[in-house]
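K.L.:
Take a look at this one; I'll ask things after.
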């Protein structure tokens with residue numbers, strides 16, 4: 001995402017007002033080019049992406065490395081910050097200074113912040129939604145937050161954009177039509193709440209912009225909500241968050257000029273292209289960090305390179321765990337301008353993964369974000385030059401349809417990161433760090449083995465322990481037995 | 001055995017000596033640039049410092065870090081190191097590297113030592129392996145480190161077995177000769193001997209004499225920091241430095257607590273390494289002049305001050321000062337949950353250690369090291385009665401009484 005100079009009329013808007021200019025569009029259900037700008041924040045050209053954060057950072061990228069990613073805006077989930085709720089006021093709300101969220105996570109002042117309730121992708125919460133509350137998952141377990149609480153949080157935290165709460169029963173395979181009615185009703189109420197709260201913000205204090213959720217159900221079943229959105233709220237919202245990209249087909253005319261954030265998480269570059277083709281503007285792209293954690297360096301460009309006849313489909317990424325890279329002194333991708341590729345080579349990165357050194361993930365994450373940036377730049381260029389459809393077709397022929405399978409193990413998985421359906425499985429999420437040696441050891445001159453594992457000079461990043469042992473425990477049990485992490489530390 | 005004239009790839013430029021203690025300030029000119037002494041060297045065991053990029057390590061001021069020969073020998077292995085062209089190229093580190101030969105104390109239970117070398121089972125797959133002095137040097141030649149260490153026979157200083165201790169000391173001397181003989185690039189890599197002898201001062205004296213006679217470019221005091229009493233540790237360092245030539249760097253292996261560093265400097269040591277500052281960072285422990293703070297304690301979850309007030313590291317400086325403005329509360333928020341939390345605290349801790357050495361060096365150059373020691377302890381402990389006896393006694397031995405102002 002490259003910067004573009006601030007549009008001239010932007011200076012006439014209130015400073016916190018979001019401007020979305022559609023630079024190119026043809027028909028509905030076609031890719032479009034846009035520019036999302038907010039004074040004092042970096043402009044985001046669309047189609048584009050937001051850095052998908054965990055606890056305030058793009059995983060593995062410390063704040064001093066963040067500028068190396070070229071990310072102009074981030075997506076932040078409130079559930080990453082409210083584990084003390086409701087017993088205690090979460091620390092984030094105790095910061096007295098202005099712009100507390102940005103300050104707390106040490107994000108550069110010119111990076112756009114989009115706040116939502118749930119991480120992307122959201123993990124189904126064992127706490128069910130009610131008329132006034134949604135279930136979330138914090139690092140210490142399932143909680144609920146009310147719409148009022150969410151709105152108050154948005155007001156306090158001063159993000160640039162807030163995505164309104166949506167009543168979606170994540171993890172539920174079939175949803176009855178009465179439940180769908182409820183989804184629509186609740187989402188409407190909650191959208192009104194977040195807008196109303198914004199109006200209570202005093203003049204001179206930055207006001208957030210609201211993105212209204214579009215539910216992943218048939219248009220007819222959310223027609224009341226959509227109608228009211230158009231009748232009462234359309235001039236008070238600045239964008240929409242779309243949970244099912246197929247609904248782009250049925251988006252009311254009045255909502256067409258608004259920027260569209262995808263919460264229909266694409267699992268591959270091809271899926272992402274399909275959504276772009278339907279007119280989606282902005283993405284969070286969770287598969288980037290998933291690939292990084294698996295040690296997979298993404299390797300795809302848009303448009304795809306020229307296909308040589310008879311050649312096999314190219315992989316979308318390189319599994320850096322493979323031994324074949326151990327003496328390879330070439331970059332992850334030839335010509336890539338990312339920090340990892342300009343400073344390091346495959347042999348080192350392969351070594352880092354095998355040695356469980358955290359730097360391996362850092363370098364792959366920086367690389368993967370560069371690949372994604374270039375991919376979006378390629379998409380925009382392709383739309384600009386009217387080649388998008390052909391380029392997508394060529395891309396699908398050139399590359400395998402899915403990212404490579406994960407072979408190596410990733411970083412230690414935290415409770416708030418794994419999918420709830422994994423709970424029932426008996427396999428350990430984090431395999432034991434040490435394997436006992438099968439051969440007998442020579443203990444020497446009576447010197448006893450050191451009983452403290454921490455003094456061992458062995459690979460000790462495994463010792464990066466989670467604070468709460470919620471692994472391998474059933475969901476209900478988790479809820480009952482959860483304690484605030486500090487109770488026992 | 002007659003001394004062997006040995007080429008050196010370093011020069012030790014003595015800048016100042018404390019007029020009261022044995023502290024020295026110097027610049028050590030190494031193949032990949034000069035480094036200030038006294039120095040703390042962070043430990044990048046497997047050619048990476050715990051999540052930091054080489055650039056981040058450079059930014060906290062590090063110009064000399066450690067790699068572990070044994071670990072690099074296993075992975076990526078000598079063939080890769082040769083193919084890539086050594087450890088500097090392998091990890092893209094343009095500054096100096098010191099490779100410790102084995103640091104065997106911690107691995108001893110896996111090992112058996114014979115005159116030939118160290119036999120052990122690979123912790124990766126359990127296959128028997130043999131590390132000889134020749135193999136160790138060959139590996140370090142492939143690594144291309146600026147300072148290489150001899151293979152030594154280390155046993156725990158706390159071992160009561162004097163005969164075994166003597167054997168280990170004498171064997172270390174014999175192994176040094178084998179290392180010197182095997183060393184292919186003395187003109188570009190500096191071999192350091194390692195003085196052994198446990199806590200027995202006579203053994204240490206005898207070993208020092210033998211080692212000094214071999215005229216290596218630098219000298220290490222090994223086998224310490226293995227759980228011995230601090231008084232005994234200080235006596236060994238004090239005894240050895242008294243016998244060492246002035247114009248050579250002195251490296252005390254495995255030492256890294258701030259108190260240990262400032263006292264060891266007063267006893268005449270110049271170089272130190274320890275995994276503790278970086279390891280402890282990953283558990284949320286921040287090193288500060290007032291002591292170590294465990295930022296995983298709930299008390300810090302609402303503490304929006306810098307990790308350490310006044311610290312000039314990139315995390316602690318405010319955004320207005322060009323830093324990140326990271327707070328204790330944020331470290332609490334990410335420690336042990338996101339790898340980047342460890343990266344941030346690792347940068348702070350390494351910066352603390354390097355800055356402590358910088359301040360010590362400035363104090364020595366200004367001939368105010370005794371005052372520096374008083375300030376250091378006064379900051380670390382709120383009252384004199386809490387000063388550790390070993391530090392008070394050791395410093396008394398070099399002319400500084402911490403208990404009188």
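Protein chains in written order, with the UniProt record's numbering: chain D, 1 to 489; chain L, 1 to 405. Quick reminder that beta carbons are idealized off the backbone N, C-alpha and C, glycines included.
Let me confirm a value: residue 29 of chain L is counted as buried when at least 16 other C-beta atoms fall within 10 Å, else exposed. Which label applies?
P.N.:
Within the second chain, numbered from 1, the residue matching residue 29 of chain L stands at position 29. With fewer than 16 Cβ atoms within 10 Å of its Cβ, residue 29 of chain L is classed as exposed.
K.L.:
Can you list, in chain order, the residues of its chain with a C-beta nearer than 7 Å to that of residue 53 of chain D? Leave out the 5 residues immediately preceding and following it.
P.N.:
Counted from its first residue, the first chain places residue 53 of chain D at position 53. So the qualifying residues of the chain are 74, 75 and 76.
K.L.:
How is the alpha helix (DSSP H) around residue 29 of chain L delimited, first residue to last?
P.N.:
As a position in the second chain, residue 29 of chain L is number 29, starting the count at 1. From DSSP, residue 29 of chain L is part of no alpha helix (DSSP H) but of the beta strand (DSSP E) over 24 to 30.
K.L.:
Is any beta-carbon of chain L found at less than 8 Å from that of residue 110 of chain D?
P.N.:
Locating residue 110 of chain D in the first chain gives position 110, where the first residue counts as 1. So no, residue 110 of chain D is outside the interface.
K.L.:
Given that residue 295 of chain D touches chain L, what residues does it touch there, using C-beta distances under 7 Å?
P.N.:
The count along the first chain starts at 1 and reaches residue 295 of chain D at position 295. The premise fails here: residue 295 of chain D is roughly 14 Å from chain L at the closest Cβ pair, so nothing lies under 7 Å.
K.L.:
What are the start and end residues of the alpha helix (DSSP H) that includes residue 349 of chain D?
P.N.:
Taking the first chain and counting its residues from 1, the one referred to as residue 349 of chain D is at position 349. 346 to 354 is the span of the alpha helix (DSSP H), which, as asked, contains residue 349 of chain D.
K.L.:
Inspect the CB distances between the region 191 to 199 of chain D and the region 229 to 241 of chain D and report whether three or more fall short of 8 Å.
P.N.:
Output reads yes: the region 229 to 241 of chain D touches the region 191 to 199 of chain D.
K.L.:
Counting only beta-carbon atoms, is residue 325 of chain L nearer than 8 Å to chain D?
P.N.:
Counting from one through the second chain, the residue named residue 325 of chain L turns up at place 325. Chain D contact via Cβ: present.
K.L.:
Taking only beta-carbon atoms, is residue 279 of chain D less than 8 Å away from chain L?
P.N.:
As a position in the first chain, residue 279 of chain D is number 279, starting the count at 1. No, its Cβ sits nowhere closer than 8 Å to a Cβ of chain L.
K.L.:
Taking 8 Å as the CB-CB limit, is residue 115 of chain L close to chain D?
P.N.:
Within the second chain, numbered from 1, the residue matching residue 115 of chain L stands at position 115. No, residue 115 of chain L lies away from the interface with chain D (no Cβ there is under 8 Å from its Cβ).
K.L.:
Quick one: give me the first and last residue of the beta strand (DSSP E) that residue 163 of chain D is part of.
P.N.:
As a working note, residue 163 of chain D is residue 163 in the first chain. It spans 161 to 163 - the beta strand (DSSP E) in which residue 163 of chain D sits, taken as one unbroken run.
K.L.:
Can the beta-carbon of residue 92 of chain L be found less than 8 Å from the beta-carbon of residue 356 of chain D?
P.N.:
Numbered from its first residue, the second chain carries residue 92 of chain L at position 92. Numbered from its first residue, the first chain carries residue 356 of chain D at position 356. Cβ atoms of residue 92 of chain L and residue 356 of chain D: not closer than 8 Å.
K.L.:
Residue 414 of chain D touches chain B at which residues, Cβ-Cβ below 7 Å?
P.N.:
Protein chains in the displayed structure are D and L, and chain B is not among them.
K.L.:
Nearest CA to the CA of residue 357 of chain L: which residue from L:38, L:396, L:19 and L:34?
P.N.:
To locate residue 357 of chain L, count along the second chain from 1; it is residue 357. For the residues L:38, L:396, L:19 and L:34, the minimum Cα distance to residue 357 of chain L belongs to L:38.
K.L.:
Within 8 Å, do at least three Cβ pairs link the region 123 to 142 of chain L to the region 196 to 205 of chain L?
P.N.:
Result no; under three Cβ-Cβ pairs closer than 8 Å.
K.L.:
Note down, in chain order, all residues in the region 179 to 199 of chain L with a beta-carbon under 7 Å from any beta-carbon belonging to chain D.
P.N.:
Result list empty, no residue passes.
K.L.:
In the region 358 to 387 of chain D, which residues sit with their C-beta less than 7 Å from some C-beta in chain L, listed in chain order?
P.N.:
Flagged, chain order: 358, 359, 361 and 362.
K.L.:
By the criterion of Cβ-Cβ separation under 9 Å, what are the contact partners of residue 343 of chain D in chain L?
P.N.:
Sequence index remark: in the first chain, residue 343 of chain D carries index 343 (1-based). Those within 9 Å of residue 343 of chain D in chain L are 53, 54, 55 and 92.
K.L.:
Assign residue 141 of chain L to buried or exposed, taking buried as 16 or more other Cβ atoms, counted over all protein chains shown, within 10 Å of its Cβ.
P.N.:
For the purposes of this step, residue 141 of chain L is taken as the residue at position 141 of the second chain. Buried.
K.L.:
Could you give the distance in angstroms between the alpha-carbon of residue 277 of chain L and the alpha-carbon of residue 303 of chain D?
P.N.:
Within the second chain, residue 277 of chain L is the residue found at index 277, counting from 1. Within the first chain, residue 303 of chain D is the residue found at index 303, counting from 1. Approximately 47 Å between the Cα atoms of the pair.
K.L.:
Can residue 72 of chain D and residue 24 of chain D be called in contact, C-beta distance under 8 Å?
P.N.:
Within the first chain, residue 72 of chain D is the residue found at index 72, counting from 1. Within the first chain, residue 24 of chain D is the residue found at index 24, counting from 1. No, Cβ-Cβ distance for residue 72 of chain D and residue 24 of chain D is not below 8 Å.
K.L.:
Tell me which residues share the same chain as residue 398 of chain D and place their Cβ nearer than 8 Å to its Cβ, disregarding the 5 neighbours each side in the sequence.
P.N.:
The residue given as residue 398 of chain D occupies position 398 in the first chain. 304, 305, 307, 313 and 314, listed in sequence order.
K.L.:
In three-state DSSP terms, what is residue 75 of chain D?
P.N.:
As a working mapping, residue 75 of chain D is identified with position 75 in the first chain. Three-state DSSP puts residue 75 of chain D in a strand.
K.L.:
Under the three-state reduction of DSSP, which class applies to residue 385 of chain L: helix, strand or coil?
P.N.:
Translated into positions along the second chain, residue 385 of chain L becomes position 385. Helix.
K.L.:
Please report the distance separating the alpha-carbon of residue 178 of chain L from that of residue 216 of chain L.
P.N.:
Position 178 of the second chain holds residue 178 of chain L. Position 216 of the second chain holds residue 216 of chain L. In a straight line, the C-alpha of residue 178 of chain L is about 13 Å away from that of residue 216 of chain L.
K.L.:
How should residue 145 of chain L be labelled, buried or exposed, when 16 other C-beta atoms within 10 angstroms of its C-beta is the threshold for buried?
P.N.:
Residue numbering aside, residue 145 of chain L sits at position 145 when the second chain is read from its first letter. Flag for residue 145 of chain L reads buried.
K.L.:
In this structure, does DSSP put residue 278 of chain L in helix, strand or coil?
P.N.:
The residue you call residue 278 of chain L lines up with position 278 of the second chain. Helix at residue 278 of chain L.
K.L.:
Is there a Cβ of chain L sitting closer than 8 Å to that of residue 460 of chain D, yes or no?
P.N.:
Within the first chain, the letter at position 460 stands for residue 460 of chain D. Its pLDDT being 31, under 50, residue 460 of chain D is placed unreliably in this model, and the coordinates cannot settle the point.
K.L.:
Which same chain residues, not among the five before or five after residue 197 of chain L, have their C-beta less than 6 Å away from its C-beta?
P.N.:
On the second chain, position 197 is the one that residue 197 of chain L refers to. Cβ within range, chain order: 169, 203, 204 and 207.
K.L.:
Give a yes or no on contact between the region 246 to 265 of chain D and the region 135 to 142 of chain D, applying the rule of three or more CB pairs nearer than 8 Å.
P.N.:
No, the region 246 to 265 of chain D does not touch the region 135 to 142 of chain D.
K.L.:
Can you find at least 3 beta carbon pairs, one from the region 258 to 269 of chain L and one from the region 19 to 26 of chain L, that sit closer than 8 Å?
P.N.:
Yes: at least three Cβ pairs fall under 8 Å.
K.L.:
Go through the region 302 to 383 of chain L residue by residue and report every complete run of the alpha helix (DSSP H) that reaches 4 residues or more, in order.
P.N.:
328 to 334, 339 to 365 and 369 to 380, all fully within the region 302 to 383 of chain L.
K.L.:
Can you grab the Cα-Cα spacing for the pair residue 289 of chain D / residue 133 of chain D, in whole Å?
P.N.:
For the purposes of this step, residue 289 of chain D is taken as the residue at position 289 of the first chain. For the purposes of this step, residue 133 of chain D is taken as the residue at position 133 of the first chain. If you take the alpha carbons of residue 289 of chain D and residue 133 of chain D, they lie about 30 Å apart.
K.L.:
Go to residue 90 of chain L, then tell me how far its alpha helix (DSSP H) extends in each direction, as first and last residue.
P.N.:
As a position in the second chain, residue 90 of chain L is number 90, starting the count at 1. 87 to 91 is the extent of the alpha helix (DSSP H) around residue 90 of chain L.
K.L.:
Compare the Cα-Cα distances from residue 379 of chain D to each of D:46, D:36 and D:16 and report the closest residue.
P.N.:
Taking the first residue of the first chain as 1, we reach residue 379 of chain D at position 379. Looking at the Cα atoms, D:46 is the closest of the given residues.
K.L.:
Quick check on residue 286 of chain L: does DSSP put it in helix, strand or coil?
P.N.:
As a first step, residue 286 of chain L is located in the second chain; it is residue number 286 there, counting from the start. The answer is strand: DSSP assigns residue 286 of chain L an E or B state.
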